[in-house]
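Each remark here refers to the structure printed beneath this line.
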Amino acid sequence: MNLVETFSEFKSGKNIDRPTMVRVLEDVFRTLIRKKYGSDENFDVIVNTTNGDLELWRVREIVPDGEVTDDNAQISISEALSIDEDYEIGEECYEQLFLENFGRRAIMAARQTLISRIMELEKDEIYKQYTERVGEIVSCEVHQILKREILILDDATDTELILPRNEMIKGDYFRKGDMVRGIIKEVEMRNNNPVVIVSRTDTTFLEKLLEQEVPEIEDGLITVKKIVRIPGERAKIAVESYDDRIDPVGACVGMKGSRIHGIVRELNNENIDIVNFTNNTNLFIQRALTPAKISNIVLDLDEMRASVYLEPDQISLAIGKGGSNIKLASQLTAFEIDVFRNTQEEIEIDDVDLDEFSDEIDDWVIDALKAIGCDTARSVLQLSKDELLRRTDLEEETIDDVTGILAAEFEE
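Okay, so the sequence shown: first residue is 18 according to this note's numbering, each after it adds one.
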């Protein structure tokens, strides 16, 4: 029931600064005093935050007997002498109060107030602390696995953070006790509780991992101009060096790939292309479409479109698996890229989302195809019937029907 014990319980392990804690304690005890005496003007509250002690003193002016006009500000000489025999009229009488004087119910109410105030302070401190750390990499231990999110504990502060499923990389699999790294993406208040969201799919996570592995980036010798990624599949990074003696791509990759390999492993073997940034648009688009070799590029600066001409054997490299390479190259360069054969014959890369066929193909069939990475009609048609049978649980008749519907879409 002791408020001091309650304070002692909370003061250890809390990230609350001492002046704030003292202020809260004083407020709680002064509220207690006001309820009993009507005012706290002539009371001193002394808090020792080191060992959790506190003292309450009532200070009143000593006046002759029978001349007390304000019980809160004055005390008769006879009453003062019962406290200390050395008191004289005109002096201030210091009377120590004890918690027991306030009654059990008042103390219990004050204890609850104290606990709730300290918890509110802790919530504010967590919100402030993590708001300042947004964009930082955090290392955590998996605490609890839920359907839509994973609860993780910050290794440094033991605070519970949230890693939502949609912020996890495809293929991420964690068990309780595993260590996981991510970026502090945002901090929000839900029902007056701070919620810290951690992400592994955010481009900032890749950027911070690169900073950790490449000292030249942290030192400012190399700048990351832009990052685009399809988490868990592919990423493209444009880098630039301010020192002509430093090769930015080589510095990021490291000797025999030593620097980039650690990042690739962290991101579940995400394919990372690092290209040298340049203001020469033609050259930048050519680099962005790595590993394909470009024969010619025609730019339309008004429409921000680029017509890229390649040898037939380079077309699949330029487009990439599921269109990932050309999609990321377009995002990196801010140009809409169209691919053509060198004969000026346009390659039909126009594609249609599988969802567009929902009126002809059952949703569960579409979901089965998406589960193996086929989101578009052409990505399905690129696979043989045997491969579709092997990778999905669909029957041969169903696959024949689906490929027939999809193929018909592209027939002239």
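Ideal Cβ placement from N, Cα and C applies to all residues, glycine included.
All values reported here derive from a predicted model rather than from experimental measurement.
Check                                                                                                                                                                             : Outcome
Thinking C-beta only, is V315 closer than 8 Å to I354?                                                                                                                            : no
Flag this pair as touching only if the stretch 128-137 and the stretch 166-174 have three or more C-beta atom pairs under 8 Å; answer yes or no.                                  : no
Could you give the first and the last residue of the continuous alpha helix (DSSP H) run that contains C269?                                                                      : 265-270
Assign Y326 to one of three DSSP states: helix, strand, or coil.                                                                                                                  : strand
With a threshold of 6 Å on Cβ separation, who are the neighbours of K16 within its own chain once the five nearest residues in sequence on each side are excluded?                : This structure cannot speak to residue 16, because the chain is shown only from 18 to 429.
Can you name the residues that DSSP bridges to G199?                                                                                                                              : V155
Closest to E426 by C-alpha separation, out of E413, T409, V397, D379, would be which residue?                                                                                     : V397
T240 lies in the beta strand (DSSP E); which residues open and close that run?                                                                                                    : 239-247
Kindly indicate which three-state DSSP category R217 falls into: helix, strand or coil?                                                                                           : coil
For V281, which residues in the same chain have their Cβ closer than 7 Å to its Cβ, ignoring the five residues on either side in sequence?                                        : E287, I289
So, does the stretch 258-276 touch the stretch 291-311, judging by three or more C-beta pairs under 8 Å?                                                                          : yes
Just how far apart, CA to CA, sit V241 and I302?                                                                                                                                  : 17 Å
Please classify A388: is it buried, with 16 or more other beta-carbons within 10 angstroms of its beta-carbon, or exposed?                                                        : exposed
If we require 4 or more residues per run, which alpha helix (DSSP H) segments fall completely within the stretch 50-110?                                                          : 94-100
What do you get for E412, buried or exposed, if any count of 16 or more other CB atoms within 10 angstroms of its CB means buried?                                                : exposed
So what does E353 bridge to, in DSSP terms?                                                                                                                                       : R322
Going by C-alpha distance, which of L400, N209, E78, V419 is nearest W12?                                                                                                         : No information on residue 12 is available, as it lies outside the stretch 18 to 429 that the chain covers here.
According to DSSP, simplified to helix, strand and coil, what is S161?                                                                                                            : The sequence given here places Gln at residue 161; Ser does not occur at that position. If DSSP states are grouped into helix, strand and coil, Q161 belongs with the strands.
My output table needs one value for E412: the three-state DSSP class, helix, strand or coil.                                                                                      : coil
From this set, Q161, Q113, P211, which residue's C-alpha is nearest R75's C-alpha?                                                                                                : Q113
Given R51, which residues of its chain have a CB within under 8 Å of its CB, disregarding the five upstream and five downstream residues?                                         : D57
Kindly list the residues whose CB is nearer than 7 Å to the CB of G152, restricted to its own chain and excluding five residues on each side of it in sequence; keep chain order. : I200, I201, T221
Would you report the Cα separation of T409 and A385, rounded to the nearest angstrom?                                                                                             : 7 Å
By Cβ distance below 7 Å, which residues in the same chain neighbour R395 in space, the five residues on each side in sequence not counted?                                       : D368
In the DSSP assignment, find the beta strand (DSSP E) that holds E177 and state where it starts and stops.                                                                        : 177-181
Count Cβ pairs between the stretch 81-92 and the stretch 124-132 that sit closer than 8 Å; are there 3 or more?                                                                   : no
Decide if A351 is buried, meaning its Cβ has at least 16 other Cβ atoms within 10 Å, or exposed.                                                                                  : exposed
DSSP on D44, reduced to helix/strand/coil?                                                                                                                                        : helix
Where does R358 sit, in a helix, a strand or coil, going by DSSP?                                                                                                                 : strand
Expressed to the nearest angstrom, what Euclidean distance is found between the alpha-carbon atoms of F46 and C157?                                                               : 39 Å
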